[in-house]
Every structure is written in C-alpha cells, then in structure tokens.
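Novice: Each residue of the sequence shown is one higher than the one before, starting from 97 at the first, in the working numbering.
Using N, Cα and C, we set each Cβ at its ideal position, and we do this for glycine too.
Before I ask anything, here is the structure I am working with.
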Amino acid sequence: MAVALDAILARVKDVCRRNGLLILSVLSVTVGCLLGFFLRTRRLSQQEISYFQFPGELLMRMLKMLILPLVVSRNMFPANLVEATFKQYRTKTIPIIKSSKASSESTTRRIIIYGVQDENGSNVQNFALDITPPPEVIYKSEPGTSDGMNVLGIVIFSATMGIMLGRMGNSGVPLVSFCQCLNESVMKIVAVAVWYFPFGIVFLIAGKILEMDDPSAIGKKLGFYAITVVCGLVVHGLFILPMMYFFITKKNPIVFIRGILQALLIALATSSSSATLPITFKCLLENNHVDRRIARFVLPVGATINMDGTALYEAVAAIFIAQVNNYELDFGQIITISITATAASIGAAGIPQAGLVTMVIVLTSVGLPTDDITLIIAVDWALDRFRTMINVLGDALAAGIMAHICRKEFLKDGDEVRAARPRCATDLHRDRLSAPHTRASGARGEPSGESN
Numbered sequence: 097m098a099v100a101l102d103a104i105l106a107r108v109k110d111v112c113r114r115n116g117l118l119i120l121s122v123l124s125v126t127v128g129c130l131l132g133f134f135l136r137t138r139r140l141s142q143q144e145i146s147y148f149q150f151p152g153e154l155l156m157r158m159l160k161m162l163i164l165p166l167v168v169s170r171n172m173f174p175a176n177l178v179e180a181t182f183k184q185y186r187t188k189t190i191p192i193i194k195s196s197k198a199s200s201e202s203t204t205r206r207i208i209i210y211g212v213q214d215e216n217g218s219n220v221q222n223f224a225l226d227i228t229p230p231p232e233v234i235y236k237s238e239p240g241t242s243d244g245m246n247v248l249g250i251v252i253f254s255a256t257m258g259i260m261l262g263r264m265g266n267s268g269v270p271l272v273s274f275c276q277c278l279n280e281s282v283m284k285i286v287a288v289a290v291w292y293f294p295f296g297i298v299f300l301i302a303g304k305i306l307e308m309d310d311p312s313a314i315g316k317k318l319g320f321y322a323i324t325v326v327c328g329l330v331v332h333g334l335f336i337l338p339m340m341y342f343f344i345t346k347k348n349p350i351v352f353i354r355g356i357l358q359a360l361l362i363a364l365a366t367s368s369s370s371a372t373l374p375i376t377f378k379c380l381l382e383n384n385h386v387d388r389r390i391a392r393f394v395l396p397v398g399a400t401i402n403m404d405g406t407a408l409y410e411a412v413a414a415i416f417i418a419q420v421n422n423y424e425l426d427f428g429q430i431i432t433i434s435i436t437a438t439a440a441s442i443g444a445a446g447i448p449q450a451g452l453v454t455m456v457i458v459l460t461s462v463g464l465p466t467d468d469i470t471l472i473i474a475v476d477w478a479l480d481r482f483r484t485m486i487n488v489l490g491d492a493l494a495a496g497i498m499a500h501i502c503r504k505e506f507l508k509d510g511d512e513v514r515a516a517r518p519r520c521a522t523d524l525h526r527d528r529l530s531a532p533h534t535r536a537s538g539a540r541g542e543p544s545g546e547s548n
C-alpha cells in the first residue's frame, strides 16, 4: 500500500513538474475570473481598480520591455538605435475648408413658396427655405513623426542587416557572435518572465472584468474569436500545408502526418516547439525515413523562424482587439498587421506563451491599445497549444519537402559522403570482429583484400 502511494505521489510530482506552467495558467485564469466577478459587487472606485491592477500592469511593462531586444537580437544591433526606436514616420491628413463661390460672396439663395388653393379648397401653407451650399473639404498629406516604437521598421532593417552579415563571411563574425550572445541572454530573461505570467494574469483579468460595462457581450466576442482562430489553424494545418506537400512531392500527406503524430501530441501537451524538437527528429528519422542531414538542418531552423501558426494567431488577435474597441481597419492596416505578425513571429521564442510578447509588436504597429491583450489571455493557454502543433507540423512537412527535392543529390554523392565520414565506434568494432577471420585466411594462404 505504501509503495503504491509513493508511486502515485511520484507520478503526480512528475506531471506537475512537466506541466507546471499549464496548471498555473489555467488556475490563474479561473481565479482571475472569479475574483473579478466577485469584486464587481463591491462597487470599487476607479482609483481602487487602478491600484488593484498594478501587478498586472507590471506584467504588461515587462512584455513591452522585451520587445526591442527580442526583435533586434534575432538579427543585428542597429547603430542608430535611439532614433529608430523612439520615432516613427507617419503621414498626417489635414482638412482644408474650401468655400464655394456662393458662400465666399456671402450670398444665400432664398426659395419662397406662397400659399395657393387647390381645386378642393384646401390651402397649402407658404414657407421659405434658406439654401446654403455646404463647404468643400479636401485633405492634404504632410510627412511628420509620432511618438512610439517603429517596430516594423526595426524588424525589416534588422532582418536585412542579418542577411548582409551572413554574406560578409569572417568579417561579420564578431557582430554575429554578439547578436547570438544577446539573443541567448534575452531568451533566458523571457524564460524567467514567463513564470510571472500566472501571477500577473490574475490581476489583469480581474481588473479588466471590473472595467467592463457588459462582460457577457465581451465573453461572446471572445468565444467567436477562439472559434475563428481554431478554424484558421485547422484550415492551414489540414488543408493548405498538406496540399503544398502533395503538389511538390506527389506523396500522400496523411501517411507522413501519421508518422509524426507522436510529435504533434507532445506539442499539444508541452506548448513548446523547442521541447518537441527531439521527438520530431526521432519521428522523421524512424517513421518517415527523412535523411538525417535534412532533419538536422531544417528542424532547428524551423523551430526558430517558422512560426506560421503564431503569425496566424497574432493577426486574428489584432483584428479582434480592433473590433472590440470599435476601431475600423482599412486595407492598408490589415496588410500591415499581416506583415508585422509574420515578421514578429520570427522573433518569438519556442517557449510557452512567448507569443504574448510579440503580440505587443503587432498591436503597436497599427496603434491599437496593448492593454487589451488581457482579453485574449483568458483563452491563450489553450490556443497556444494548437498553434504550437501547427508550427511543428509545418517544420516536419518542410523537412519532408526538402528531402524530396534533394533526394537526387544525396543519391548521387551518397558514396562520397559515406567514404568521407569519420570512422565511428561501430566501424571499429566491425573491423575487430573481422580481424581474426582475416588472419586465419592469411595463414591458410588465401589472398586477402590488402594483398591485392
């Protein structure tokens, strides 16, 4: 009995250790909702609500603090960082009132209708109308600047500089090493900051509920938002990605996906593409027979920059926050959100809920309030797992496509690669086993391979 109890406790501890962040996130969302609805009955003042939201405000400040180093350290460190960070260019539209000729001459047309009597004897009352033509308004565009971070400019410029540093060869190695070291330090900061999320989420959600006029209406919108994100991920993961794999390789994508099913389940459980990387590597080698060199190259790169599920999620979340605030997005702003979400997802760390950090980048690019991230935190812990599955699926399918494209080259120089690879322990063991046979053959006078 005691042995069985110890085994159960050990298993519970193991589950809590592996899924600690998930358990804390679910508990924080639940506690935040219950606390928010309970405090609504207390009729707190605005000042008391602001004091109550202070731990959540620290979380938002922490997210904003990580934007710039997270984006820049992925690629480069710009020399004009101060100017590029605190100013962004924009075009202002200035209304100009252009009066018509009639109003400029201060003339007004008066129409007077006199009372007349119709055939039935009824009278029509007379009245007068003053008609003044409305002023014509035209807009003039002028360049200017506005306060705030030019995130999209930093992302594009840093990515371009990173490409150029890669082409510079040895001369660009010092700066590349500096950026890699900076990136590793930022990742460690993000990994520590993620554990503050559950505590800050409680006060963020509770404070947001206290500010809502109609929480039920926001809850309905949040439900439709979650359904939209899941539908988008399903379409992308079950139709678009497999169709691309089929059109390029002419192979059945269902068979390929079945081989990486274990990696997808691990991604759903851990919500981390980096933690799923060893399982994905194992599934590609053993089940789908992808070349080891392809898997070693594609999977680490994909786990770093191929965040298609995260990009889709962030774009939909930005549009949802705009609709909640009755903010109409034009076509240009939607394109800006799409580009920024794609670029910002490259800088997303492969750890749970790191997409919330890059979400601030997307909202800042179109001037949306970053405080409304609180609305999506309530369902982010669940959606994070689905978008991680799509990220892992995209990496695996990309490895399968690359293996199909490069198969002829690998078959052509396969013998050269095997001849050039260093002798491993297995080869040495095989030689030792064959050595007695070789010596016996030589003693009997049989020709050996070396004598020929």
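If you draw a straight line from the alpha carbon of I415 to that of V282, how long is it in whole angstroms?
Specialist: Taking the straight line from one Cα to the other gives about 28 angstroms.
Novice: So within the stretch 313 to 360, which uninterrupted beta strand (DSSP E) runs reach at least 3 residues, ignoring any that extend past its ends?
Specialist: none
Novice: Beta-carbon within less than 8 angstroms of G262's beta-carbon, same chain only, minus the 5 sequence neighbours each way: which residues are those?
Specialist: G268, V272
Novice: Alpha carbons only, please: which of D102, L479, V412 is nearest the one belonging to I433?
Specialist: V412
Novice: For D480, count neighbouring Cβ atoms within 10 angstroms of its own Cβ and tell me buried if that reaches 16, exposed if not.
Specialist: buried
Novice: Pick helix, strand or coil for Q419, following the three-state DSSP scheme.
Specialist: helix
Novice: Please state whether DSSP places P374 in a helix, a strand or coil.
Specialist: helix
Novice: Would T376 and A365 be called neighbours here (beta carbons separated by less than 7 angstroms)?
Specialist: Cβ atoms of T376 and A365: not closer than 7 angstroms.
Novice: So, helix, strand or coil for T568, using DSSP?
Specialist: Examination of residue 568 is not possible in this model, given that the chain is present from 97 through 548 alone.
Novice: By the three-class DSSP mapping on this structure, what secondary structure does S368 have?
Specialist: In this structure, S368 counts as coil in the three-state DSSP scheme.
Novice: Could you pull the start and end residues of the alpha helix (DSSP H) that P396 belongs to?
Specialist: The continuous alpha helix (DSSP H) containing P396 extends over residues 388 to 401.
Novice: Between the Cα of L337 and those of I435, A495, I417, S141, spot the shortest distance and give me the residue it belongs to.
Specialist: A495
Novice: Count the other CB atoms within 10 Å of the CB of A100; is the residue buried (16 or more) or exposed (fewer)?
Specialist: exposed
Novice: Can A302 and L131 be called in contact, C-beta distance under 7 angstroms?
Specialist: yes
Novice: Going by beta carbon distance, what residues of the same chain come within less than 6 angstroms of V127, once the five residues before and after it are set aside?
Specialist: V298
Novice: Straight-line CA distance for A418 to I472?
Specialist: Rounded to whole angstroms, the gap between the alpha carbons of A418 and I472 is 12 angstroms.
Novice: Roughly how many angstroms separate the alpha carbons of A407 and R483, rounded to a whole number?
Specialist: Straight-line Cα distance between these residues: approximately 9 angstroms.
Novice: For T137, does the three-state DSSP call read helix, strand or coil?
Specialist: coil
Novice: Who are the Cβ neighbours of V394 in its own chain at under 6 angstroms, not counting the five residues just before and after it?
Specialist: Excluding positions up to five away in sequence, the list reads A494, A495, M498.
Novice: Can you tell me the Cβ-Cβ gap for D491 and G398, rounded? I've got them flagged as a contact below 8 angstroms.
Specialist: 3 angstroms
Novice: What is the DSSP secondary structure of H500, counted as helix, strand or coil?
Specialist: helix
Novice: Name the two residues that bound the continuous alpha helix (DSSP H) containing T438.
Specialist: 427 to 442
Novice: Can you tell me the Cα-Cα spacing of C502 and N402, whole angstroms?
Specialist: Here the alpha carbons of N402 and C502 stand approximately 20 angstroms from one another.
Novice: In angstroms with no decimal places, state the Cα-to-Cα distance between F134 and H500.
Specialist: 58 angstroms
Novice: To the nearest angstrom, how far is it from the Cα of F343 to the Cα of L306?
Specialist: Taking C-alpha positions only, F343 is separated from L306 by approximately 52 angstroms.
Novice: At a threshold of 6 angstroms, does E505 count as lining the ligand MG (C-beta to nearest heavy atom)?
Specialist: Annotation note on the ligand MG: not contained in the displayed structure, which lists no ligands.
Novice: Just curious, the alpha helix (DSSP H) that P465 is in, first and last residue?
Specialist: Here P465 belongs to no alpha helix (DSSP H), and DSSP marks it neither H nor E.
Novice: Exposed or buried, what is K194 when buried is set at 16 or more other beta-carbons lying within 10 Å of its beta-carbon?
Specialist: Note that K194 scores a pLDDT of 49, beneath 50, so its modelled location is shaky and nothing firm can be said.
Novice: Quick one: give me the first and last residue of the alpha helix (DSSP H) that V298 is part of.
Specialist: 293 to 307
Novice: What residues in its chain sit with their C-beta under 8 angstroms from that of K109, if we drop five residues either side in the sequence?
Specialist: Short of 8 angstroms from the beta carbon of K109, and not among the five residues preceding or following it, lies no beta carbon of its own chain.
Novice: Leaving out five residues before and five after N383 in sequence, what residues of the same chain have Cβ atoms less than 6 angstroms from its Cβ?
Specialist: G355
Novice: Measuring CB to CB, does I486 end up less than 7 angstroms from G319?
Specialist: no
Novice: I'd like to know whether the C-beta atoms of T454 and A439 end up nearer to each other than 7 angstroms.
Specialist: no
Novice: Taking the alpha-carbon positions, what's the L112 to M161 distance?
Specialist: Checking the displayed sequence, the identity of residue 112 turns out to be Cys instead of Leu. Spanning the two alpha carbons is a distance of roughly 30 angstroms.
Novice: Going by CA-CA distance only, name the one from I350, N421, V475, T400 that's closest to G463.
Specialist: N421
Novice: Return helix, strand or coil for D310, following the three-state DSSP convention.
Specialist: coil
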